[in-house]
Structure formats: structure tokens, C-alpha cells
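Okay, so here's the structure we're looking at.
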Amino acid sequence: GAGVSQSPRYKVAKRGQDVALRCDPISGHVSLFWYQQALGQGPEFLTYFQNEAQLDKSGLPSDRFFAERPEGSVSTLKIQRTQQEDSAVYLCASTTPVAGVDNEQFFGPGTRLTVL
Amino acid sequence: GESVGLHLPTLSVQEGDNSIINCAYSNSASDYFIWYKQESGKGPQFIIDIRSNMDKRQGQRVTVLLNKTVKHLSLQIAATQPGDSAVYFCAVPRIVAAGNKLTFGGGTRVLVKP
Numbered sequence: 008g009a010g011v012s013q014s015p016r017y018k019v020a021k022r023g024q025d026v027a028l029r030c031d032p033i034s035g036h037v038s039l040f041w042y043q044q045a046l047g048q049g050p051e052f053l054t055y056f057q058n059e060a061q062l063d064k065s066g067l068p069s070d071r072f073f074a075e076r077p078e079g080s081v082s083t084l085k086i087q088r089t090q091q092e093d094s095a096v097y098l099c100a101s102t103t104p105v106a107g108v109d110n111e112q113f114f115g116p117g118t119r120l121t122v123l
Numbered sequence: 048g049e050s051v052g053l054h055l056p057t058l059s060v061q062e063g064d065n066s067i068i069n070c071a072y073s074n075s076a077s078d079y080f081i082w083y084k085q086e087s088g089k090g091p092q093f094i095i096d097i098r099s100n101m102d103k104r105q106g107q108r109v110t111v112l113l114n115k116t117v118k119h120l121s122l123q124i125a126a127t128q129p130g131d132s133a134v135y136f137c138a139v140p141r142i143v144a145a146g147n148k149l150t151f152g153g154g155t156r157v158l159v160k161p
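Chains P and F, in that order, are what the protein sequence lines are. If you're matching positions, the first sequence starts at 8 in this note's numbering and goes up one per residue. If you're matching positions, the second sequence starts at 48 in this note's numbering and goes up one per residue.
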């Protein structure tokens with residue numbers, strides 16, 4: 008079946024521009040996560056949704072970062088006034104609603120953002 | 048907080064040989080560990096997991112070993128193939144607000160030489 012999809016796959020922005028990154032989770036997955044992966048590093052948690060509710064946004068690096076999931080399905084990560092340090096791959100993951108630490112997260116291919 | 052790190056950033060291995068990737072973790076209360084594989088241009092993909100009540104778990108050509116005494120785990124890949132070339136991460140999930148926040152290590156790149 009279809010996995011997690013993300014668009015665009017690549018985005019080049021000039022410093023100061025706003026960008027919007029989209030994530031389509033696996034159908035029926037109520038939990039959705041955003042991670043940021045800098046070059047040569049492991050992914051780092053940004054924020055988490057359960058349905059439309061954003062339950063944890065502790066990883067968002069600044070108030071320029073904003074995420075939403077208004078209908079509990081598609082999610083958008085928005086970065087305002089992009090800076091060079093925002094250059095990274097942004098990964099989205101979704102998972103089933105089964106509670107538990109061993110609930111596997113399925114990752115999308117990521118959006119590679121380059122800020123010039 | 049949790050920190051997870053790897054000892055070797057790059058591992059070059061001959062095709063057919065075995066690969067061993069190491070990972071250290073800091074939180075002794077962690078009770079579940081996951082290994083992910085990330086190929087170029089793709090998101091991380093689940094390989095194998097292990098609970099803290101186990102010290103070894105085997106999958107298809109992969110084995111994970113857990114040493115809770117020294118807070119270390121390793122991933123062994125048997126008969127490494129070209130398709131195993133990727134970056135490998137260990138990760139520790141932590142339940143937050145009914146979801147699992149993953150903390151990843153820095154990654155080890157495995158390069159398989161033909």
C-alpha cells in the first residue's frame with residue numbers, strides 16, 4: 008500500500024522567504040511526527056500530532072516554525088523568514104494509534120530544504 | 048535527557064563479510080531500542096528492535112545485541128551485501144503525550160565494497 012509521502016522533495020529558498028512543507032501520512036494513521044535531519048546527523052524531533060491536536064511541539068527550534076494538521080490527516084510544516092541554519096531534510100512519520108513504546112513509525116522520504 | 052551516540056561514523060566492509068555497528072545510550076531507564084536503516088534520498092526504515100529484558104534478538108541476516116551493564120547495543124549484519132550500503136541509526140523511543148518521541152544517534156555509514 009501507499010506509504011508516507013512528502014512534497015516537495017526538494018526546496019530551495021532565499022534567506023528570508025517563507026516555505027511550506029507537506030506530509031501525507033499513511034491512511035488511518037492518527038499519529039504524525041515531524042523531524043529535522045541536518046547533514047550527517049540523526050533526525051531530531053520537532054513536533055507531534057494526534058489527529059488534529061498538536062500534543063508536543065517542544066522540538067520546534069524557534070517561533071518561525073509552525074506546524075498544523077487541521078483535519079487530522081495531511082500536515083504542513085511552515086518555516087517563516089528562513090535562515091541558512093534551517094537547511095536540512097525534514098522528515099515526516101506516521102504511526103497507528105496503538106499505544107505503546109513499540110509502536111513503529113513509518114517515515115516519508117523527506118523534503119530537502121536548502122536556504123541560500 | 049536521553050542521548051544516543053555511535054562509535055564509528057563510517058564503516059567500509061567487503062561484500063560477504065560481516066558488519067558490526069555500535070551504539071551507546073545514556074539513560075539506563077530506556078527499555079526499548081530500535082535500529083533504522085536510511086538509504087540515500089529515503090527516510091529511515093525500521094530494521095529490528097529489542098526490549099531491555101532481552102540481550103539478543105535475531106532477524107533476517109541481522110542480530111542486535113544489548114548490554115545493559117555498559118549501556119551499549121550493536122547491530123550485526125551477516126554476509127553484507129551491496130544493498131546494505133546505507134546509514135544506520137540506533138534510536139530510543141520515549142512516550143510523550145501518547146506518542147513516541149524518537150531520539151536518534153548520529154549514524155554510521157556502511158560502505159560495501161564489491
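Virtual Cβ for every residue (Gly too), placed ideally from N, Cα, C.
- The alpha carbon of V159 of chain F has as its nearest neighbour, out of F:Q128, F:F151, F:I142, the alpha carbon of F:Q128.
- Assigned with DSSP and collapsed to three states, P56 of chain F falls in coil, not helix or strand.
- Positions of the alpha helix (DSSP H) runs, each at least 4 residues long and wholly inside the region 89-152 of chain F, cannot be given because no such run exists.
- P56 of chain F counts as exposed, since fewer than 16 other beta carbons sit within 10 angstroms of its beta carbon.
- For T118 of chain P, the enclosing beta strand (DSSP E) stretches over residues 118-122.
- Distance between G115 of chain P and Q92 of chain F, taken at the CA atoms: about 9 Å.
- At least one C-beta of chain F is nearer than 8 Å to the C-beta of L62 of chain P.
- In this structure, I95 of chain F sits near R104 of chain F, with a CB-CB distance shorter than 8 Å.
- For E62 of chain F, the three-state secondary structure derived from DSSP is coil.
- Along the region 132-157 of chain F, going in chain order, the ones with a CB nearer than 7 Å to a CB of chain P are F136, P140, I142, V143, A144, A145, G146, N147, K148, L149, F151, G152, G153, G154.
- Neighbours of G88 of chain F in chain P, taken as residues at a C-beta separation under 7 Å, are given in chain order as P116.
- Collapsing the DSSP output to three states places E92 of chain P in a helix.
- In chain order, L120, T121, V122 place their CB closer than 7 Å to the CB of S94 of chain P, counting only its own chain and leaving out the 5 sequence neighbours on each side.
- Taking 8 Å as the cut-off, the beta carbon of Q61 of chain P is found no closer than this to the beta carbon of S38 of chain P.
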